[in-house]
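Q: Chains as they are written, first to last, in the numbering used here: chain A, 1 to 321; chain B, 1 to 321.
What follows is a single structure, and I will ask about it in a moment.
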C-alpha cells in the first residue's frame with residue numbers, strides 16, 4: 001500500500017505561530033498554535049517550530065517520512081530561494097538563516113516566503129482567488145499587508161520586498177508616522193489602527209458625537225466600532241470610512257494599473273465589514289482606475305481567514321518540491 | 001551549410017512603423033520606416049507591414065524561409081497569446097485581429113505585445129536592463145508608457161493593460177484631463193507635454209521670466225527648453241522640474257514597493273536630460289520608497305533609443321518560438 005503523504009504549513013506571527021498538517025490537496029487534518037518566542041532576537045524559533053511539529057506528528061501517529069515538506073510564512077523580508085531571512089522587525093530577526101536551520105532539523109524540504117505572500121497563495125489556491133493567474137491580495141489588519149500573483153507566480157522581487165503595499169506613500173505632506181520610518185504610508189491611512197486613529201480624531205473634534213459617547217463608554221474606538229455605528233447612520237463614522245476607502249481605492253487602482261489583476265482579495269480583520277467596506281472601496285477604485293483595468297477585475301472578501309497562511313504554506317510545498 | 005536565420009522586429013506607432021531585420025542575437029542588419037496608414041481604422045496596416053517586410057527581404061536577397069518569426073509592438077491593449085488587439089486609441093483599432101492577419105500573410109510565427117512592453121524587453125535584453133529578472137521601464141515621451149518584467153517575464157496582466165503606468169492617478173482633485181477620460185494621471189503630470197504645459201503656466205504667471213521671454217521668441221516652450229534654461233539657473237524652470245520629478249518619484253516609488261525591481265530604466269525623449277532628470281528623480285524616489293526597496297534598485301537611462309521596440313520584438317520571437 002502506498003504511504004499517505006502530508007505537508008506541513010507554518011505561519012509565524014509576532015505573537016503566535018500557527019501550524020497545520022494538511023493533505024497534499026490542502027485539506028487541514030490538524031491545526032494548532034504555539035506562542036512566538038521572541039527571546040534572543042527570535043533565534044529559538046526554528047527549534048521550537050521543529051519540536052512542535054515533531055511532537056504533533058508523533059501524537060498523530062505520523063512520521064517525518066510522510067511529510068513531503070514544510071511551507072513557512074514569516075513576517076519578514078525573505079530570500080525565497082534559500083529561506084534566508086534578511087530582517088523581520090516584528091520578530092527581531094536580522095540575517096537569520098531560518099531555512100537552513102529548519103531543514104537541518106527536519107531533514108525534509110523547507111520553503112519560506114513572506115507571510116502576506118503566503119496568505120495570497122492560500123486564498124488563490126483554495127479561497128477567494130479561484131486560481132486566477134493575476135491576483136492582488138490586500139490584508140487590512142493592525143497593519144496593511146499585500147501579496148501579488150502575476151502570470152500565475154508569486155511576485156517576490158529583487159530583494160524580497162515585493163507587494164509591501166502597506167508602504168505605498170499616500171500622503172506626501174503631514175502624513176502620520178509609520179513603523180517603517182516614513183510618513184503617510186497606506187498602513188497609516190487604511191489599517192484597523194488608522195481607522196481607530198481617525199475615529200478618535202473625529203471624536204476629539206466633535207464632543208457631542210456618537211463616536212465620542214462610545215469612546216467615553218468603551219475607553220477606545222475600534223475599527224469595528226466605526227463600521228457598527230456608521231451602519232446606525234452616524235455621519236462622522238461614515239466620513240472616516242469614506243476617507244479610508246477613498247485612499248485605499250486610490251492605492252489599489254494604482255497597483256492594478258501596474259499588474260492588471262483579475263481578482264482583488266481583501267482580507268484581514270477590517271474585511272469583516274464586508275459590503276460596508278467593499279461598496280465604497282469599489283466606487284473609489286472605479287474613479288481612479290483605468291476603465292479597462294477596472295472592467296477586468298472583481299473584488300472579493302478573503303475566505304480562508306486565519307488558515308490562509310498555512311494553506312499557502314502547503315501550496316508552496318506543492319509548487320516547489 | 002546551415003541556412004542563416006533571422007528575425008523581424010516591428011514597432012507600430014501612431015505616425016510611423018519602424019521595422020528591422022535582426023540576427024537571432026538581436027543585432028540589427030537592416031532597419032527602415034514606413035508611415036502608419038490610419039485610414040479605415042488602421043485595417044490596412046497588417047497588409048502594409050507584410051508588404052514592406054516582403055519587399056525588404058527580397059531587396060536584401062533573403063526569403064521568408066529564413067525568418068524565424070516576426071515580433072510586433074503596437075500601442076494597444078493586446079491579447080499576447082493570440083495577437084488579438086482589443087483596442088488602440090492611437091491607431092483606431094477596435095477588435096482587430098492583427099496577429100491572425102499577419103500570420104495569414106507571412107506564414108511564419110507572429111508574436112504581438114504592447115509597444116511599451118516590447119521596449120522594456122529590448123532594454124532588458126541588450127540595453128540598460130542588463131538582463132535582470134525584475135525591471136521597470138518608464139518611457140517619458142509625449143505620453144508616459146511603461147513595461148514591467150517580474151520573475152524574468154513580461155507582466156501582461158488579465159486583459160493586456162498591465163504596466164499602463166501613465167494612467168496611475170497622481171492628482172485626485174483638479175488634475176489636468178487625460179486622453180483616457182480620467183484626470184490627474186501620471187501622463188498629465190510627468191510627460192513631455194506636461195512639462196511644456198507647466199512651463200507655459202509658469203510663463204503666464206511670471207511675465208518677466210526667462211521662460212516667458214523664450215516663449216515670446218520661439219512661440220512655445222518644449223520640455224527640452226525647460227531643462228536647457230534650468231541649467232542656466234532659471235528658478236521657474238527648476239521649479240517645474242522639481243514638481244515633475246517629485247510626482248514621478250512618488251509614482252515610481254509606489255510601483256517599486258509593489259514589484260521590487262532591481263533596475264528602473266527611464267527612456268523616451270525626456271530621458272535625454274540625463275542626470276538633470278535622474279538626480280532629482282532619485283532623490284524624490286528615495287523619499288517615498290521603502291528604504292529596503294530603494295537599496296535594491298538602480299536607475300538607468302535607456303540605451304537603445306528608438307531601436308528598443310524592434311529589438312524587443314526580436315526578443316519576443318526568441319523567447320516564444
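Note that beta-carbon positions come from the ideal geometry of N, C-alpha and C, so glycine has one too.
Just verifying my parser: in three-state terms, what is the DSSP assignment at residue 133 of chain A?
A: As a working note, residue 133 of chain A is residue 133 in the first chain. Looking at residue 133 of chain A - three-state DSSP - the assignment turns out to be coil, as it is neither helix nor strand.
Q: If we require 3 or more residues per run, which beta strand (DSSP E) segments fall completely within the segment 16-78 of chain A?
A: Runs of the beta strand (DSSP E) inside the segment 16-78 of chain A: 16-23, 28-35 and 67-74.
Q: For residue 82 of chain B, go through chain A and note every residue whose CB falls closer than 9 Å to its CB, in chain order.
A: Indexing the second chain from 1 puts residue 82 of chain B at position 82. The premise fails here: residue 82 of chain B is roughly 16 Å from chain A at the closest Cβ pair, so nothing lies under 9 Å.
Q: Assign residue 183 of chain B to one of three DSSP states: helix, strand, or coil.
A: Start at 1 with the first residue of the second chain, and residue 183 of chain B comes out as number 183. In the structure shown, residue 183 of chain B sits in a strand (DSSP, three-state: E or B).
Q: Note down, in chain order, every chain A residue with its Cβ under 7 Å from the Cβ of residue 172 of chain B.
A: Walking along the second chain from the start, residue 172 of chain B turns up at place 172. Within 7 Å Cβ-Cβ: 250.
Q: Interface residues of chain B around residue 260 of chain A at Cβ under 9 Å?
A: Reading the first chain from its first residue, position 260 is the one you call residue 260 of chain A. Per Cβ cutoff of 9 Å: 155, 156, 157, 158, 159, 160, 161, 162, 163 and 164.
Q: Between residue 168 of chain A and the rest of its own chain, which residues show a CB-CB distance below 6 Å, the 5 nearest in sequence each way excluded?
A: As a position in the first chain, residue 168 of chain A is number 168, starting the count at 1. Only 186 and 251 meet the Cβ criterion.
Q: Quick one: what's got a C-beta closer than 6 Å to residue 276 of chain A's C-beta in the same chain, skipping five residues either side?
A: Taking the first residue of the first chain as position 1, residue 276 of chain A is located at position 276. Cβ within range, chain order: 227.
Q: Buried or exposed: where does residue 20 of chain A fall if 16 or more other Cβ atoms within 10 Å of its Cβ makes it buried?
A: Here residue 20 of chain A corresponds to residue number 20 of the first chain, with the count starting at 1. So residue 20 of chain A ends up on the buried side.
Q: Here's the rule: buried if 16 or more other CB atoms are within 10 angstroms of the residue's CB, otherwise exposed. What is residue 190 of chain B?
A: Here residue 190 of chain B refers to the residue found at position 190 when the second chain is read from its first residue. Residue 190 of chain B comes out buried.
Q: So, does the CB of residue 27 of chain A fall closer than 7 Å to a CB anywhere in chain B?
A: Start at 1 with the first residue of the first chain, and residue 27 of chain A comes out as number 27. Residue 27 of chain A does not count as touching chain B.
Q: Can you list the alpha helix (DSSP H) stretches of 4 or more residues lying completely in the segment 236-312 of chain A, in chain order?
A: Runs of the alpha helix (DSSP H) inside the segment 236-312 of chain A: 275-288 and 291-295.
Q: Looking only at its own chain, which residues have a Cβ that is under 6 Å from the Cβ of residue 28 of chain A, when we skip the five neighbours before and after it?
A: In the first chain, the residue the question calls residue 28 of chain A occupies position 28. Hits under 6 Å: 20 and 22.
Q: Under 8 Å between beta-carbons, which chain E residues line up against residue 290 of chain A? List them in chain order, please.
A: As a matter of chain content, chain E is missing from the structure shown, whose protein chains are A and B.
Q: Could you tell me how far apart the beta carbons of residue 69 of chain B and residue 321 of chain B are, in whole angstroms, since I believe they sit closer than 8 Å?
A: Here the question's residue 69 of chain B lines up with position 69 in the second chain. Here the question's residue 321 of chain B lines up with position 321 in the second chain. Yes, they are in contact, since the Cβ atoms of residue 69 of chain B and residue 321 of chain B sit about 5 Å apart, within 8 Å.
Q: By DSSP, does residue 231 of chain A sit in helix, in strand, or in coil?
A: The count along the first chain starts at 1 and reaches residue 231 of chain A at position 231. Correct three-state label for residue 231 of chain A: helix.
Q: Using a Cβ cut-off of 7 Å (strictly closer), state whether residue 247 of chain A contacts chain B.
A: The residue labelled residue 247 of chain A in the question sits at position 247 within the first chain. Closer than 7 Å: no.
Q: Buried or exposed for residue 124 of chain B, please, with buried defined as at least 16 other CB atoms from any protein chain shown within 10 angstroms of its CB.
A: Residue 124 of chain B sits at position 124 when you count from the first residue of the second chain. When all chains shown are included, residue 124 of chain B counts as buried.
Q: Per DSSP, residue 140 of chain A is paired with what?
A: Start at 1 with the first residue of the first chain, and residue 140 of chain A comes out as number 140. Paired residue(s): A/144.
Q: Work out the CA separation of residue 213 of chain A and residue 236 of chain A for me, nearest whole Å.
A: To locate residue 236 of chain A, count along the first chain from 1; it is residue 236. To locate residue 213 of chain A, count along the first chain from 1; it is residue 213. Whole-angstrom Cα-Cα distance: 12 Å.
Q: Rounding to the nearest angstrom, what Cα-Cα distance links residue 112 of chain B and residue 135 of chain A in this structure?
A: For the purposes of this step, residue 112 of chain B is taken as residue 112 along the second chain, with counting starting at 1. For the purposes of this step, residue 135 of chain A is taken as residue 135 along the first chain, with counting starting at 1. About 24 Å.
Q: Comparing C-alpha positions only, which one of A/6, A/230 and A/222 sits nearest to residue 109 of chain A?
A: Here residue 109 of chain A corresponds to residue number 109 of the first chain, with the count starting at 1. Ranking the options by Cα distance to residue 109 of chain A, first place goes to A/6.
Q: Going by DSSP, name the residue or residues bridged to residue 108 of chain A.
A: Counting from 1 along the first chain, the entry for residue 108 of chain A is found at position 108. Answer is none; residue 108 of chain A lacks a bridge partner.
Q: I want to see whether chain B comes within less than 7 Å of residue 293 of chain A, judged by CB atoms only; does it?
A: As a first step, residue 293 of chain A is located in the first chain; it is residue number 293 there, counting from the start. So yes, residue 293 of chain A belongs to the interface.
Q: Does any residue of chain B have a CB that is nearer than 7 Å to the CB of residue 257 of chain A?
A: Walking along the first chain from the start, residue 257 of chain A turns up at place 257. Closer than 7 Å: yes.
Q: Quick check on residue 7 of chain A: does DSSP put it in helix, strand or coil?
A: Locating residue 7 of chain A in the first chain gives position 7, where the first residue counts as 1. Of the three classes helix, strand and coil, the one that applies to residue 7 of chain A here is strand, per DSSP.
Q: Are the CB atoms of residue 85 of chain B and residue 98 of chain B within a distance shorter than 7 Å?
A: To locate residue 98 of chain B, count along the second chain from 1; it is residue 98. To locate residue 85 of chain B, count along the second chain from 1; it is residue 85. In this structure, residue 85 of chain B lies closer than 7 Å to residue 98 of chain B by Cβ.
Q: Is the beta carbon of residue 81 of chain B less than 7 Å from the beta carbon of residue 309 of chain B?
A: The residue given as residue 81 of chain B occupies position 81 in the second chain. The residue given as residue 309 of chain B occupies position 309 in the second chain. Not in contact: residue 81 of chain B and residue 309 of chain B (Cβ atoms no closer than 7 Å).
Q: Once DSSP output is grouped into helix, strand and coil, what is the label at residue 154 of chain A?
A: Locating residue 154 of chain A in the first chain gives position 154, where the first residue counts as 1. Note: residue 154 of chain A maps to strand in three-state DSSP.
Q: If we count the other Cβ atoms within 10 Å of its Cβ and call it buried at 16 or more, is residue 261 of chain A buried or exposed?
A: Within the first chain, residue 261 of chain A is the residue found at index 261, counting from 1. Flag for residue 261 of chain A reads buried.
Q: Does the structure place the segment 265-272 of chain B close enough to the segment 296-315 of chain B that three or more beta carbon pairs sit under 8 Å?
A: Contact holds: three or more Cβ-Cβ distances are below 8 Å.
Q: Pull up the CB-CB distance for residue 314 of chain A and residue 26 of chain A, whole angstroms please, since I reckon it's below 8 Å.
A: Position 314 of the first chain, counted from the first residue, corresponds to residue 314 of chain A. Position 26 of the first chain, counted from the first residue, corresponds to residue 26 of chain A. That pair is a contact at about 5 Å.
Q: Return no unless some Cβ of chain B is closer than 7 Å to the Cβ of residue 134 of chain A.
A: Mapped onto the first chain, residue 134 of chain A falls at position 134. Yes, because at least one Cβ of chain B sits closer than 7 Å to the Cβ of residue 134 of chain A.
Q: If we define contact as Cβ-Cβ less than 7 Å, is residue 85 of chain A a contact residue for chain B?
A: To locate residue 85 of chain A, count along the first chain from 1; it is residue 85. No, no contact with chain B.
Q: Using a Cβ cut-off of 9 Å, pull out every chain B residue sitting near residue 77 of chain A, in sequence order please.
A: On the first chain, residue 77 of chain A is found 77 positions in, with the first residue counted as 1. Ordered by position in chain B, the residues that pass the 9 Å Cβ test against residue 77 of chain A are 292.
Q: Would residue 150 of chain A and residue 259 of chain A qualify as a contact pair, given that the criterion is a beta-carbon distance under 7 Å?
A: In the first chain, the residue the question calls residue 150 of chain A occupies position 150. In the first chain, the residue the question calls residue 259 of chain A occupies position 259. In this structure, residue 259 of chain A lies closer than 7 Å to residue 150 of chain A by Cβ.
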